[in-house]
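Engineer: My questions all concern the structure below.
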RNA sequence: GGAGAGAUGGCGGAGCGGUUGAACGCGGCGGUCUUGAAAACCGCUGGCCCUUCACGGGGCUCGUGGGUUCGAAUCCCACUCUCUCCUCCA
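In the working numbering, the protein residues as written are 5 to 436.
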C-alpha cells in the first residue's frame with residue numbers, strides 16, 4: 005500500500021509511476037479529494053469532542069458531581085448529537101480511501117526500464133553455456149516418464165490437470181533439491197522457518213496477494229464464512245507477515261528467513277500454457293528467501309538476494325540469465341524485480357526459476373512491520389524483499405533436461421549427490 | 001468437544017466508574033558523581049491520527065467490536081486469542 009502522504013506531497017510522482025505501469029492515474033485526484041473531505045470531517049469532530057471533554061472534566065472536578073452533571077447534561081447531549089452528525093461520513097470516507105489505496109501498485113524504482121510486457125525486459129547478465137548434445141535433447145516429461153520417476157497420468161486421475169506424482173528416484177531427487185536449497189540458504193545466513201501454509205484472509209491481504217489476485221488462490225472453507233483460510237501461493241506470504249504488527253529494533257536488522265513449503269496456485273488465465281510437465285502446476289514446492297531490512301540498503305540487499313539465488317544454479321551447473329523486469333512486467337508489490345531464468349534444453353529456452361523483488365515499504369505498510377533505529381527514534385517501515393532460493397519443480401525439470409544422457413539415463417549434479425544418495429539414474433529407473 | 005482462568009506500556013506487575021495514558025519494579029535514554037567503569041542519585045521514556053512554518057494544541061488508544069453512563073482500563077454483551085484440567089487425535 006502506498007503512503008497517503010506521498011500522494012499529498014508528490015501527486016505527480018505517483019501519476020508518472022502509475023502511467024509507467026500502464027494504468028490510469030485518475031485515482032490520484034479521486035483519493036486526494038476524499039482525503040480533503042476526510043480531514044475536514046476529522047477536524048470538525050475532534051473540535052466538538054474537545055469541547056465535550058472540557059465539560060466532562062468540569063463535572064469530575066466539581067464538589068457536587070451529581071448537580072454538575074445534571075446542569076451540564078443538556079449541553080453535552082447537544083454536543084453528542086453534533087459529534088454524531090459531523091462524523092457520520094467519516095467511516096465511509098476512510099473505507100473508500102483505504103479501498104482505493106489498496107489497489108494501487110507499488111512505485112517503481114528509477115532503475116526499472118520502460119516497457120509494457122516481457123519483451124522489454126533487459127538482460128543484465130548470463131552465466132554458463134547451454135550444453136551441447138550429440139542427440140536431440142528430450143523434454144523433461146518424456147525423460148521422467150521413461151525413467152518412471154514422473155507420473156502425470158496417475159496424478160491427473162488423483163487431482164486433475166497440472167499435478168504430478170513423483171516416484172522413486174524422482175521423489176528422492178526432489179527431496180535432495182529441498183535439502184540442497186535449504187542448506188545453501190542456511191550457509192548464506194537465512195534462518196529456516198517452517199510456517200503454516202494455510203493463512204487468514206487478513207494475512208493474505210497484508211502481503212498484497214489480496215484483493216487483486218483472489219482468483220489465483222485456493223480457499224479452504226471454515227465453519228463460518230469469515231473463517232475461510234487461504235492456501236499460500238508462495239512462502240513469501242507467511243515469511244513476510246511473520247513480524248506483522250511489530251516494531252523491530254534496528255540493530256536486529258536485516259532479518260533473513262527461508263522456508264520450504266508447498267505453494268498453491270489456480271493458474272487462472274494460463275489455460276493452454278505449459279500444459280505439459282512440471283513447469284506450471286497447481287501445487288509445487290519452493291524454497292523462499294525473505295528479507296526484512298533497512299530502507300537505505302534494500303536495493304543493495306536485492307543484489308545480494310539475486311546472487312544468493314544465482315549461486316544455486318552455478319553450483320548445479322545450469323546456465324541461467326538474469327533479467328531486469330520492465331515497468332509493465334513488474335509485479336504489484338514490487339518496486340524492482342529481477343527474474344532468474346534457467347536453461348531448459350528440451351524446450352530450447354530459458355524459463356523463470358526465481359523472481360527476486362524489492363517491495364520497499366509497500367508490504368511493510370500493509371502488514372505494519374516497523375523498525376526503531378534507537379531508543380529515541382520514531383518507528384519507520386522496514387523494507388521487504390523476497391525471491392525463491394530454489395524452485396523445486398522447475399529446477400528438477402532443468403536437471404532432467406540438462407543432465408540427460410543419450411541412453412535415456414540421468415547424471416546427478418555433483419552438489420546434489422550427498423543429498424540424493426546416488427549419482428545417476430539408469431535407463432531402467434534404478435539408481436547408482 | 002467439556003470445565004475453569006486470563007488478556008494492561010519493551011518486560012514484570014498494580015489499577016474504588018471521575019486530572020489514570022495508566023502506580024511500582026526492571027529495562028532503555030540523558031545527566032550528576034568518577035581517571036574510566038560500576039554503584040548511587042536526579043530527570044526523561046508507548047503508538048496512531050488531526051492541526052501548526054515552528055513552539056505547541058487537540059482527538060483516539062489498556063485483546064477486538066458493540067452497549068450502559070455526563071464520564072469506562074474499571075460495569076454489561078458478543079467475538080478472538082492464550083493458559084490449566086478432562087476428552088480426542090497425526
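Even for Gly, the Cβ is constructed at its ideal location relative to N, Cα and C.
May I have the straight-line CA-CA distance separating residue 427 from residue 188, to the nearest angstrom?
Structural biologist: The residue you call residue 427 lines up with position 423 of the first chain. The residue you call residue 188 lines up with position 184 of the first chain. So the two alpha carbons sit approximately 20 Å from each other.
Engineer: Inspect the CB distances between the segment 373-393 and the segment 242-259 and report whether three or more fall short of 8 Å.
Structural biologist: yes
Engineer: Using the C-alpha atoms, what's the distance from residue 368 back to residue 253?
Structural biologist: Within the first chain, the letter at position 249 stands for residue 253. Within the first chain, the letter at position 364 stands for residue 368. Cα to Cα, residue 253 sits roughly 15 Å from residue 368.
Engineer: Can you tell me the Cβ-Cβ gap for residue 6 and residue 18, rounded? I've got them flagged as a contact below 8 Å.
Structural biologist: For the purposes of this step, residue 6 is taken as the residue at position 2 of the first chain. For the purposes of this step, residue 18 is taken as the residue at position 14 of the first chain. At roughly 7 Å, the Cβ-Cβ gap stays under 8 Å, so residue 6 and residue 18 are in contact.
Engineer: Kindly indicate which three-state DSSP category residue 184 falls into: helix, strand or coil?
Structural biologist: As a position in the first chain, residue 184 is number 180, starting the count at 1. If DSSP states are grouped into helix, strand and coil, residue 184 belongs with the helices.
Engineer: What residue from 312, 231, 307 and 34 has the CA that sits closest to residue 193's CA?
Structural biologist: Position 189 of the first chain, counting from 1, holds the residue named residue 193. It is 312.
Engineer: With DSSP as the reference, label residue 1 as helix, strand or coil.
Structural biologist: Absent from the structure is residue 1, since the part of the chain shown begins at 5 and ends at 436.
Engineer: Cα-Cα, which of 377, 120 and 68 is closest to residue 255?
Structural biologist: Here residue 255 is taken as the residue at index 251 of the first chain, counted from 1. Looking at the Cα atoms, 377 is the closest of the given residues.
Engineer: With a 10 Å radius around its C-beta and 16 neighbouring C-beta atoms as the bar for buried, classify residue 78 as buried or exposed.
Structural biologist: Position 74 of the first chain, counting from 1, holds the residue named residue 78. Exposed.
Engineer: May I ask which residues mark the beginning and end of the alpha helix (DSSP H) holding residue 163?
Structural biologist: By one-based count along the first chain, residue 163 stands at place 159. That run of the alpha helix (DSSP H) goes 156-163.
Engineer: Measuring alpha carbon to alpha carbon, tell me which of 401, 414, 435 and 396 ends up nearest residue 184.
Structural biologist: Reading the first chain from its first residue, position 180 is the one you call residue 184. Comparing Cα positions, the closest option is 396.
Engineer: For residue 360 versus residue 329, is the C-beta spacing smaller than 7 Å?
Structural biologist: Looking up residue 360 in the first chain gives position 356. Looking up residue 329 in the first chain gives position 325. No. Outside cutoff.
Engineer: Taking the CB atoms as reference points, tell me whether residue 35 and residue 101 lie closer together than 7 Å.
Structural biologist: For the purposes of this step, residue 35 is taken as residue 31 along the first chain, with counting starting at 1. For the purposes of this step, residue 101 is taken as residue 97 along the first chain, with counting starting at 1. One thing to note: residue 35 has its Cβ within 7 Å of the Cβ of residue 101.
Engineer: What residue range does the beta strand (DSSP E) around residue 20 cover?
Structural biologist: Taking the first chain and counting its residues from 1, the one referred to as residue 20 is at position 16. In the DSSP assignment, residue 20 falls outside any beta strand (DSSP E) and within the unbroken alpha helix (DSSP H) covering 15-24.
Engineer: What do you reckon, are the CB atoms on residue 267 and residue 237 nearer than 7 Å?
Structural biologist: The residue given as residue 267 occupies position 263 in the first chain. The residue given as residue 237 occupies position 233 in the first chain. Result yes, Cβ atoms of residue 267 and residue 237 sit closer than 7 Å.
Engineer: By DSSP, does residue 343 sit in helix, in strand, or in coil?
Structural biologist: As a first step, residue 343 is located in the first chain; it is residue number 339 there, counting from the start. In this structure, residue 343 counts as strand in the three-state DSSP scheme.
Engineer: Considering only residues of the same chain and omitting the five flanking positions on each side of residue 317, which have a CB-CB separation below 6 Å?
Structural biologist: Against the first chain, residue 317 aligns to sequence position 313. Excluding residues within five positions, the ones whose Cβ falls inside 6 Å are 324 and 346.
Engineer: Report the start-end ranges of each alpha helix (DSSP H) in the segment 203-258 that is 4 residues or longer and not cut off at the edges.
Structural biologist: Secondary structure remark: continuous alpha helix (DSSP H) runs of at least 4 residues inside the segment 203-258, in chain order: 205-210 and 240-244.
Engineer: DSSP state of residue 8, grouped into three classes?
Structural biologist: Here the question's residue 8 lines up with position 4 in the first chain. It is helical.
Engineer: Between the C-alpha atoms of residue 283 and residue 38, what's the straight-line distance to the nearest angstrom?
Structural biologist: Position 279 of the first chain, counted from the first residue, corresponds to residue 283. Position 34 of the first chain, counted from the first residue, corresponds to residue 38. One C-alpha to the other measures close to 45 Å.
Engineer: Between the C-alpha atoms of residue 233 and residue 226, what's the straight-line distance to the nearest angstrom?
Structural biologist: What you label residue 233 is simply residue 229 of the first chain in a count that begins at 1. What you label residue 226 is simply residue 222 of the first chain in a count that begins at 1. Between residue 233 and residue 226, the alpha-carbon positions lie close to 7 Å from each other.
Engineer: Does the beta-carbon distance from residue 362 to residue 382 come in below 7 Å?
Structural biologist: Residue numbering aside, residue 362 sits at position 358 when the first chain is read from its first letter. Residue numbering aside, residue 382 sits at position 378 when the first chain is read from its first letter. Not a contact, by the Cβ cut-off of 7 Å.
Engineer: Run the CB neighbour count on residue 251, radius 10 Å, all protein chains shown included, and call it buried at 16 or more, exposed below.
Structural biologist: Reading the first chain from its first residue, position 247 is the one you call residue 251. Per the 10 Å Cβ criterion, exposed.
Engineer: Quick check: the Cα distance between residue 108 and residue 338, rounded to an integer number of angstroms?
Structural biologist: The residue labelled residue 108 in the question sits at position 104 within the first chain. The residue labelled residue 338 in the question sits at position 334 within the first chain. Taking the straight line from one Cα to the other gives about 11 Å.
Engineer: Go to residue 373, then tell me how far its beta strand (DSSP E) extends in each direction, as first and last residue.
Structural biologist: Here the question's residue 373 lines up with position 369 in the first chain. Its beta strand (DSSP E) spans residues 373-376.
Engineer: Do you know offhand how far residue 263's Cα is from residue 82's?
Structural biologist: What you label residue 263 is simply residue 259 of the first chain in a count that begins at 1. What you label residue 82 is simply residue 78 of the first chain in a count that begins at 1. If I take the Cα positions, the gap works out to 58 Å.
Engineer: Taking the DSSP output, what are the residues bridged to residue 270?
Structural biologist: Along the first chain, read from residue 1 onward, the residue named residue 270 stands at position 266. For residue 270, which the question treats as bridged, DSSP gives no partner whatsoever.
Engineer: Following the continuous alpha helix (DSSP H) through residue 76, name the residue where it begins and the one where it ends.
Structural biologist: Here residue 76 refers to the residue found at position 72 of the first chain. Per DSSP, residue 76 belongs to the alpha helix (DSSP H) from 69-90.
Engineer: On the DSSP bridge list, what partners appear for residue 387?
Structural biologist: Indexing the first chain from 1 puts residue 387 at position 383. BP columns for residue 387 point to 297.
Engineer: With DSSP collapsed to three states, give me the class of residue 290.
Structural biologist: Here residue 290 refers to the residue found at position 286 of the first chain. Strand.
Engineer: Need the endpoints of the alpha helix (DSSP H) that residue 97 sits in, please.
Structural biologist: Position 93 of the first chain, counted from the start, is the residue given in the question as residue 97. Where residue 97 is concerned, the enclosing alpha helix (DSSP H) stretches over 94-106.
Engineer: Residue 104 and residue 217: beta carbons closer than 7 Å?
Structural biologist: Taking the first chain and counting its residues from 1, one reaches residue 104 at position 100. Taking the first chain and counting its residues from 1, one reaches residue 217 at position 213. No, these two residues do not count as a Cβ contact at 7 Å.
Engineer: May I ask you to report which of helix, strand or coil DSSP gives residue 428?
Structural biologist: Within the first chain, residue 428 is the residue found at index 424, counting from 1. Here residue 428 sits in strand by DSSP.
Engineer: When the Cα atoms are used, what is the spatial distance from residue 384 to residue 278?
Structural biologist: On the first chain, position 380 is the one that residue 384 refers to. On the first chain, position 274 is the one that residue 278 refers to. Roughly 43 Å separates the two Cα atoms.
Engineer: DSSP puts residue 362 in a beta bridge; with which residues?
Structural biologist: Here residue 362 refers to the residue found at position 358 of the first chain. DSSP, once it has assigned bridges, lists 340 and 389 as partnering residue 362.
Engineer: What residue range does the beta strand (DSSP E) around residue 310 cover?
Structural biologist: For the purposes of this step, residue 310 is taken as residue 306 along the first chain, with counting starting at 1. Here residue 310 belongs to no beta strand (DSSP E); instead the alpha helix (DSSP H) covers 302-320.
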